[in-house]
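K.L.:
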Amino acid sequence: DTYVNPFSMQLLGPYYITLAVEGFVLFFANLIFELFSFSTYKTKTIIKSIVHNEDSDVAEERKKVHLNDTSSDILKIVGVTKAFQSMFGKRVAVDNVSFSVPRGECFGLLGVNGAGKTTLFRILTGQEKPTTGQAEINGRDIRQILSSDHQSLGYCPQGDALDFVLTPYE
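Following this line, the structure appears as structure tokens:
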């Protein structure tokens, strides 16, 4: 009889056993690595000093937000900072941002490349968590908002999000 079962120990059996053991070990090694690497991204409460060389309108908005004079606003950002850990140290993408948006208002963020606009919107949509600070949508902390609660917001991300075939009315 010349037929040999491919799953037998004479042919591929040892390779399948090695594959199963290796997969099991590497899965748990990856799981442990992920748990410890993301511990640096957990939210921490840090009191930051306010920058003294900011424009007067920026200082006025920051003061309004910090004095809690924004109870009717749908969006409130207070001292939000997002820092990423890299092999070169901590890199701050968003640094102590505070503003609020009244209900029904459309707003956008302007800034140079790398200013943190996309990171701030990723925080608002729940894709990232802020390192420090607080962000509220409709009075609720964004860390506690479910994806279904984002229906009251519209978001147009940067990378070719518009269909140029459509008219502005469409």
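Just so it is clear: in the sequence shown, position 8 is 8 by the UniProt record's numbering, and no numbers are missing. Backbone N, C-alpha and C define an ideal beta-carbon position, used for all residues, glycine too.
#1: Between P6 and the rest of its own chain, which residues show a CB-CB distance below 7 Å, the 5 nearest in sequence each way excluded?
#2: Span of the alpha helix (DSSP H) holding F121?
#3: Ordered along the chain, which non-local residues of its own chain (more than five positions away) have a Cβ less than 8 Å from that of I145?
#4: Which residue's Cα is closest to the Cα of K129: Y16, A29 and A93?
#5: On the three-pair Cβ rule with 8 Å, is the segment 66-81 touching the segment 100-113?
#6: Taking the alpha-carbon positions, what's the D73 to F84 distance?
#7: Which residue's Cα is closest to the Cα of L120: F107, V97 and R140?
P.N.:
This is what the structure holds:
#1: L12
#2: K117 to L124
#3: G126 and I137
#4: A93
#5: yes
#6: 29 Å
#7: V97
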